[in-house]
Amino acid sequence: MKKAKKRLIITSLLITILIISFLLSGCSNVSKYAKSKSEKASGESAVVDYTCVLKPKSEKKIYVILKNYHGDYWETVIEGIERAAKEIDAGVYLGGIDNETDIDGQISLMEKAVKEGADGILLAPANSNSLADSCEKVRKKKIPVVLIDSSINSTEFDVCYMTDNIDAGEMAAQEMLTMLHDAGNSPQEPLAVGILLSSDASQAMVNRVSGFLDYWAKYAPTKWEITKDIALNGGDVEKAESDAAKLLKKNENIKGIYGCNNTSTVGIAKTLTKQKRTDIVMVGFDMAEETKQFIKDPDYRGVSLMQKQDQMGYLGIGTLNSLINGKKSEQKYFDTGVIMIDSDYLMEKGVS
């Protein structure tokens, strides 16, 4: 995993500055949605307070902080966490935020975990910069921190389980180009592809965009471009659906949309289905019911990169328990991998 470590730590700051600046230049949608800490989209905190999911009488306490408590993706993460929790002697306390823009909410949950005597913290950081200080404070108290789903722009954590998101972004771009060609789009004609994000503060999102743009720049026809009118949905499906609809209305040359996370992908799938846009190619992440049905429908062209988020939760809890027990990990990053889901894959697996 040395390759991933080099990419995620050494170049993360440059990627954040260069890639997101490129994407968001001239983009009024993002500036309106990406509010400051004091200007939450909802006006209120979206914290889901801790619940002990297993073994409340155990003296050892593990606190889990998710960056989007609800939804298909995170339900699968929780399944992995609960499976691991049954195998260890520790109380597992589950909490998180309901909106990925509520960074203050995650920080407050980090502070509360320490006050309540956490022996270890499993964190899915919503913001790769803002959560770095919190992780440092926790580790100074000799409390191990394991990250899942995304990393932070710091080395102040013990282990991280996540997808190699640059590689995944490259895979997404390669599949997008293949499907665009297969759909009969001419390399000699103008064509546009839009990108939907949940957050521009997540290293996972930044790297998925970085990998996509890098591959696109190398292999896409010169007349095929990436749009810059990108909005952030904060992990909200309805917002993602609205963003996809606006993208289609504003850009007549749109022939493909890339969803960088589960909620973005669901929003795209729902919009294309409602508008019967069979001319649009979709590449997304993860596997909600709407995404599955879209991919299965022979009238549409779509694939999704399914992460192994259950493994992130399962391995994260197991490793955290080992760290609490005094064991060390020589490796900091672990790539949990992705699976390319297309209609053939679903047919082979007999998915209904």
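If you count the sequence shown from 1, position 45 lands on 45 in UniProt numbering, and the numbers rise without skipping. Ideal Cβ placement from N, Cα and C applies to all residues, glycine included.
Taking the alpha-carbon of residue i as reference, which of the options has the nearest alpha-carbon?
{"i": "Met205", "options": "Ile166, Asp89, Gln174, Val146", "result": "Ile166"}
{"i": "Lys328", "options": "Ala85, Phe157, Glu100, Gly95", "result": "Phe157"}
{"i": "residue 354", "options": "Ile143, Ala84, Val92, Glu111", "result": "Nothing about residue 354 can be read from this structure; the chain reaches only from 1 to 352."}
{"i": "Gly235", "options": "Leu180, Thr222, Thr51, Gly96", "result": "Gly96"}
{"i": "Ile297", "options": "Tyr314, Gly284, Ala269, His181", "result": "The amino acid at residue 297 is misidentified as Ile; the sequence shows Asp. Looking at the Cα atoms, Ala269 is the closest of the given residues."}
{"i": "Ile254", "options": "Thr265, Ile280, Asn262", "result": "Ile280"}
{"i": "Val209", "options": "Gly284, Ile152, Lys142", "result": "Gly284"}
{"i": "Val159", "options": "Gln174, Thr263, Ile143, Glu75", "result": "Ile143"}
{"i": "Glu59", "options": "Ile324, Gln311, Met347, Lys349", "result": "Ile324"}
{"i": "Thr278", "options": "Asn262, Leu248, Thr263", "result": "Leu248"}
Considering just the uninterrupted stretch of the beta strand (DSSP E) at residue i, what are its terminal residues?
{"i": "Tyr215", "result": "Premise fails: Tyr215 lies in the alpha helix (DSSP H), 203-219, not in any beta strand (DSSP E)."}
{"i": "Met282", "result": "281-285"}
{"i": "Ile226", "result": "224-226"}
{"i": "Lys61", "result": "61-66"}
Round the Cβ separation of residue i and residue j to the nearest angstrom and send it over; I've been treating them as touching at under 8 Å.
{"i": "Leu123", "j": "Leu94", "result": "Contact doesn't hold; Cβ gap of about 12 Å is too wide."}
{"i": "residue 353", "j": "Gln203", "result": "What is shown of the chain runs 1 to 352, which leaves residue 353 out entirely."}
{"i": "Cys260", "j": "Leu191", "result": "With a Cβ gap of about 20 Å, Cys260 and Leu191 do not count as contacting."}
{"i": "residue 363", "j": "Leu66", "result": "Residue 363 cannot be examined here, being either before or after the span of the chain that is shown, 1 to 352."}
{"i": "Gly105", "j": "Ala46", "result": "6 Å"}
{"i": "Thr163", "j": "Gly313", "result": "Actually they do not touch by this definition, with Cβ atoms about 13 Å apart."}
{"i": "Val193", "j": "Thr227", "result": "7 Å"}
In terms of DSSP beta bridges, what is residue i paired with?
{"i": "Phe334", "result": "Tyr161"}
{"i": "Gly256", "result": "Val193, Val281"}
{"i": "Val146", "result": "Leu122, Val159"}
{"i": "Ile341", "result": "Ser304"}
{"i": "Val351", "result": "DSSP, once it has assigned bridges, lists no residue as partnering Val351."}
{"i": "Thr51", "result": "Leu94"}
{"i": "Leu232", "result": "Leu197"}
Could you spell out the range, first to last residue, of the alpha helix (DSSP H) harbouring residue i?
{"i": "Val114", "result": "103-115"}
{"i": "Gln309", "result": "309-324"}
{"i": "Val77", "result": "72-85"}
{"i": "Leu131", "result": "130-140"}
{"i": "Leu248", "result": "237-250"}
{"i": "Gln293", "result": "289-296"}
{"i": "Asn262", "result": "262-274"}
Determine, using beta-carbon pairs with one atom in the segment 205-218 and one in the segment 238-256, whether at least three such pairs fall under 8 Å.
-> no
Report yes or no: do three or more beta-carbon pairs, one from the segment 291-307 and one from the segment 164-179, lie closer than 8 Å?
-> yes
Say whether the segment 278-295 touches the segment 338-347, bearing in mind that this needs 3 or more beta-carbon pairs closer than 8 Å, one atom from each stretch.
-> yes
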